[in-house]
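Contents: one structure, followed by commentary.
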Amino acid sequence: MPYTPPGRGPASRVRVTAAAEPNRSFGGVPAASVLGVPAGTLLGELGGWRTAFAAVGALGLLTLVALLLLLPPLPPSRPITFPELPALLRENPGVRAGVVVTFLVVTGQFAGYTFVRILQDVSGIDARYVSTLLLGYGVAGVAGNFLAGARDAYRTLLTVSTCLTVILASIAVLPGAVAGTTLLLAWGLVYGGVPVSLQNWMIKAAPAAAETASSLMVAMFNLAIAAGALLGGLAVDGIAAPAAPRGGAALMLLAAGTVRVTSVRRRDSGPKG
Numbered sequence: 018m019p020y021t022p023p024g025r026g027p028a029s030r031v032r033v034t035a036a037a038e039p040n041r042s043f044g045g046v047p048a049a050s051v052l053g054v055p056a057g058t059l060l061g062e063l064g065g066w067r068t069a070f071a072a073v074g075a076l077g078l079l080t081l082v083a084l085l086l087l088l089p090p091l092p093p094s095r096p097i098t099f100p101e102l103p104a105l106l107r108e109n110p111g112v113r114a115g116v117v118v119t120f121l122v123v124t125g126q127f128a129g130y131t132f133v134r135i136l137q138d139v140s141g142i143d144a145r146y147v148s149t150l151l152l153g154y155g156v157a158g159v160a161g162n163f164l165a166g167a168r169d170a171y172r173t174l175l176t177v178s179t180c181l182t183v184i185l186a187s188i189a190v191l192p193g194a195v196a197g198t199t200l201l202l203a204w205g206l207v208y209g210g211v212p213v214s215l216q217n218w219m220i221k222a223a224p225a226a227a228e229t230a231s232s233l234m235v236a237m238f239n240l241a242i243a244a245g246a247l248l249g250g251l252a253v254d255g256i257a258a259p260a261a262p263r264g265g266a267a268l269m270l271l272a273a274g275t276v277r278v279t280s281v282r283r284r285d286s287g288p289k290g
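So for the sequence shown, my numbering puts the first residue at 18; every next one is plus one.
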């Protein structure tokens, strides 16, 4: 049996990969986020919504089996207690800002994520091509993840939130299939860099408490998905289809401002001279 030095086992390699190559280690998150909708839409068109839900259940079971068989034991670097979560928010302004940015960006994304109806109503795209376009959105999102992974989190999120502001606002006002298709692909490419950039932000903001900071980000990410879907649905049902991306654009603009202010404060508080 080959000798494995202490700290060099499978679990350690998982941690090293996550820290050194976040675009690879967290690449499944944006891939699943952007590919799930087109896959579900296609399954729904071919076999009905029950088929799509059954496929999700089957994938969940397969994932459970794969985790049990393949994932090495990965205990936390140190135990995390619940009181640490609010304490980290109080004491670390970078983590606090990261949680706010996560909520704004992800809520804005999912407020505008009702784009199937928007594509049909605003852009005039034939419903037969929606699944294909959503697949293109997914592929662009995976590419966006790898493009963003190795870059500075603050600059990347400032660029991403600004671009998403423009894209979501443009979807609401620019008619036509060509414009709708172009904006959709750009949307997927830009948003693909969001999850890995948020993860990078939290790890750099609290390197000594990375697991605690990451758990806060994940909790806020999932809360924001629900909030964005609710707000987008209310906007579409209560106002009109273009109201959803407009609301998303407003939230993205707030996120861009938050990132900018945080970046300036971080720079000003750094070493002088």
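Every residue gets a Cβ at the ideal spot worked out from N, C-alpha and C, and that includes glycine.
CB of residue i within 9 angstroms of CB of residue j, strictly
{"i": "V188", "j": "P262", "result": "What sits at residue 188 in the sequence shown is Ile, not Val. Yes, Cβ-Cβ distance for I188 and P262 is below 9 angstroms."}
{"i": "A272", "j": "G125", "result": "yes"}
{"i": "V117", "j": "A222", "result": "no"}
{"i": "G129", "j": "G265", "result": "yes"}
{"i": "T58", "j": "L151", "result": "yes"}
{"i": "P69", "j": "G77", "result": "Looking at the sequence itself, residue 69 is Ala, so the reference to Pro does not match. No, the pair does not count as a contact, with Cβ atoms beyond the cut-off."}
{"i": "A241", "j": "V54", "result": "no"}
{"i": "N162", "j": "G209", "result": "yes"}
{"i": "W218", "j": "L181", "result": "no"}
{"i": "L105", "j": "L191", "result": "no"}
{"i": "G197", "j": "S140", "result": "yes"}
{"i": "V159", "j": "L52", "result": "yes"}
Coarse secondary structure for residue i, derived from DSSP in three states
{"i": "G24", "result": "Confidence at G24 is low in this model, with a pLDDT of 40, below 50, so the placement of that residue is unreliable and no value is reported for it."}
{"i": "V281", "result": "helix"}
{"i": "T119", "result": "helix"}
{"i": "N109", "result": "coil"}
{"i": "T229", "result": "helix"}
{"i": "F127", "result": "helix"}
{"i": "P89", "result": "coil"}
{"i": "G74", "result": "helix"}
{"i": "S29", "result": "Low per-residue confidence applies at S29: pLDDT is 42, beneath 50, and the placement is therefore not dependable, though the value from the model is reported in the following sentence. Helix."}
{"i": "P100", "result": "coil"}
{"i": "G65", "result": "coil"}
{"i": "D143", "result": "coil"}
{"i": "L191", "result": "coil"}
Residue burial classification, residue i (beta-carbon count within 10 angstroms, cutoff 16)
{"i": "Y146", "result": "exposed"}
{"i": "T275", "result": "buried"}
{"i": "N239", "result": "exposed"}
{"i": "V177", "result": "buried"}
{"i": "L270", "result": "buried"}
{"i": "V278", "result": "exposed"}
{"i": "G74", "result": "exposed"}
{"i": "F99", "result": "exposed"}
{"i": "L84", "result": "exposed"}
{"i": "G26", "result": "Its pLDDT being 43, under 50, G26 is placed unreliably in this model, and the value from its coordinates should be taken loosely. Exposed is the call here."}
{"i": "G65", "result": "exposed"}
{"i": "T229", "result": "buried"}
* Asked: Should the segment 170 to 184 be called in touch with the segment 202 to 215, which here means at least 3 C-beta pairs below 8 angstroms?
  -> yes
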